[in-house]
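Working notes for the structure below.
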Amino acid sequence: MAFGGVIKLTNGSVWDAVNKLCEAFGGHIVCDGMNVAINSSIDRDNGVVVRYGKNLRDISVEENWDNVVTVLYPIGKDGLMPGAVTANTPQRASYPIPYTKYVEFRQDISRSDYDSDEAYLSALTADLRAQAQEYVNVHQFPEVTYTVGAALEKLSDVGERVVVIDERMGLTLDTRVISYDYNCLIGKVTETKFGTLPPKLSAVMSQINSLSSRVNAIGG
Numbered sequence: 057m058a059f060g061g062v063i064k065l066t067n068g069s070v071w072d073a074v075n076k077l078c079e080a081f082g083g084h085i086v087c088d089g090m091n092v093a094i095n096s097s098i099d100r101d102n103g104v105v106v107r108y109g110k111n112l113r114d115i116s117v118e119e120n121w122d123n124v125v126t127v128l129y130p131i132g133k134d135g136l137m138p139g140a141v142t143a144n145t146p147q148r149a150s151y152p153i154p155y156t157k158y159v160e161f162r163q164d165i166s167r168s169d170y171d172s173d174e175a176y177l178s179a180l181t182a183d184l185r186a187q188a189q190e191y192v193n194v195h196q197f198p199e200v201t202y203t204v205g206a207a208l209e210k211l212s213d214v215g216e217r218v219v220v221i222d223e224r225m226g227l228t229l230d231t232r233v234i235s236y237d238y239n240c241l242i243g244k245v246t247e248t249k250f251g252t253l254p255p256k257l258s259a260v261m262s263q264i265n266s267l268s269s270r271v272n273a274i275g276g
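Following the numbering used here, the numbering of the sequence shown begins with 57 at its first residue and continues without gaps.
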């Protein structure tokens, strides 16, 4: 997995370090026993599609619209504002209102690297609009988590892809499996959770600790 950029990690545990790396550069936490890795993507796509309609009772959903943006006014170095950047998907038209925000971006571009003010301004503008477009591409959809009270066929690992056709919102969302709830007594998965956010190590560790407590309680 190739990363761009630098992050400084001091005075923390390995748990904190891996979690910060995942948050800073993206990726998926993969746990295999005591081994923890960050993968840029989960290779397996088994073509699982879930349709969530208004009257479906065996699935629950949690939505967070706080970070949604479809029209972004980026602010760059020295107050540079090149104009609005919009979401590049037609699904945004289904939203009842535009989600507009002003966001400041860091730009590590030096005037000394360019022959003229015009070339410098052009580089700043291009960089700012690229950062803004990437931001909008990520945040144009709400953060949604779905929970199904059963195992989903063809899925077996955290991070696997599930396409959700959400009829209520008029959206098609690309989600990933966040967690499974496995009942040791009956030997079955009793809950599958998948959402638009990649799993963080803190959430994974919380699930592992919770599972360990349940197993210990069952074992006496």
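For each residue, glycine too, the CB sits at the ideal point set by N, CA and C.
Just mark residue i as buried or exposed, buried being the case when its beta carbon has 16 or more other beta carbons within 10 Å.
{"i": "leucine 229", "result": "buried"}
{"i": "serine 69", "result": "exposed"}
{"i": "serine 168", "result": "exposed"}
{"i": "valine 204", "result": "buried"}
{"i": "leucine 257", "result": "The predicted model places leucine 257 with a pLDDT of 46, which falls under 50 and marks its position as unreliable, so this point remains unresolved."}
Among the residues of its own chain, which have a CB less than 7 Å from the CB of residue i, if the five just before and after it don't count?
{"i": "threonine 252", "result": "Phe197, Glu199, Val200, Leu229 and Thr231"}
{"i": "histidine 195", "result": "Asn123, Val124 and Val125"}
{"i": "leucine 65", "result": "Ala73 and Lys76"}
{"i": "tyrosine 158", "result": "Tyr129 and Ile131"}
In whole angstroms, what separates the C-alpha of residue i from that of residue j?
{"i": "threonine 181", "j": "isoleucine 153", "result": "28 Å"}
{"i": "glycine 132", "j": "alanine 179", "result": "12 Å"}
{"i": "valine 245", "j": "valine 214", "result": "13 Å"}
{"i": "valine 127", "j": "serine 166", "result": "28 Å"}
{"i": "leucine 211", "j": "lysine 249", "result": "11 Å"}
{"i": "leucine 177", "j": "asparagine 144", "result": "25 Å"}
{"i": "glutamine 187", "j": "serine 172", "result": "23 Å"}
{"i": "isoleucine 115", "j": "valine 192", "result": "28 Å"}
{"i": "serine 235", "j": "glutamate 190", "result": "27 Å"}
{"i": "glutamate 119", "j": "alanine 175", "result": "43 Å"}
{"i": "aspartate 164", "j": "aspartate 134", "result": "12 Å"}
{"i": "glutamate 160", "j": "tyrosine 170", "result": "23 Å"}
{"i": "alanine 206", "j": "valine 106", "result": "13 Å"}
Report the residue from the options whose alpha carbon sits nearest the alpha carbon of residue i.
{"i": "tyrosine 108", "options": "Ser235, Glu223, Ala143 and Leu241", "result": "Glu223"}
{"i": "isoleucine 221", "options": "Ser69, Val70 and Val117", "result": "Val117"}
{"i": "valine 104", "options": "Asn239, Asp237 and Val219", "result": "Val219"}
{"i": "leucine 136", "options": "Asn120, Glu209, Arg162 and Tyr170", "result": "Arg162"}
{"i": "glycine 139", "options": "Tyr170, Arg185 and Val106", "result": "Arg185"}
{"i": "valine 141", "options": "Asp183, Trp121, Val106 and Ala206", "result": "Asp183"}
Any C-beta of chain C sitting closer than 8 Å to the C-beta of residue i?
{"i": "threonine 252", "result": "Among the chains of the structure shown, chain C does not appear; only one protein chain is present."}
Leaving aside the five residues before and after residue i along the sequence, list all residues of the same chain whose C-beta is less than 8 Å from its C-beta, in chain order.
{"i": "tyrosine 238", "result": "Lys244, Val245, Thr246 and Leu267"}
{"i": "glutamate 209", "result": "Val104"}
Within a Cβ cutoff of 6 Å, which residues of the same chain sit near residue i, ignoring the five residues on either side of it in sequence?
{"i": "tryptophan 121", "result": "Pro198"}
{"i": "tyrosine 155", "result": "Val124, Val125 and Thr126"}
Segments assigned beta strand (DSSP E), at least 3 residues, entirely inside the segment 101-183: Those beta strand (DSSP E) runs which fall completely within the segment 101-183 and span 3+ residues are 105-108, 115-120, 127-131 and 156-160.
Please give me, in chain order, every unbroken run of the beta strand (DSSP E) with length at least 3 that falls completely inside the segment 198-265. Restricting attention to beta strand (DSSP E) runs no shorter than 3 residues, the segment 198-265 encloses them at 199-204, 217-222, 227-239 and 244-251, ordered along the chain.
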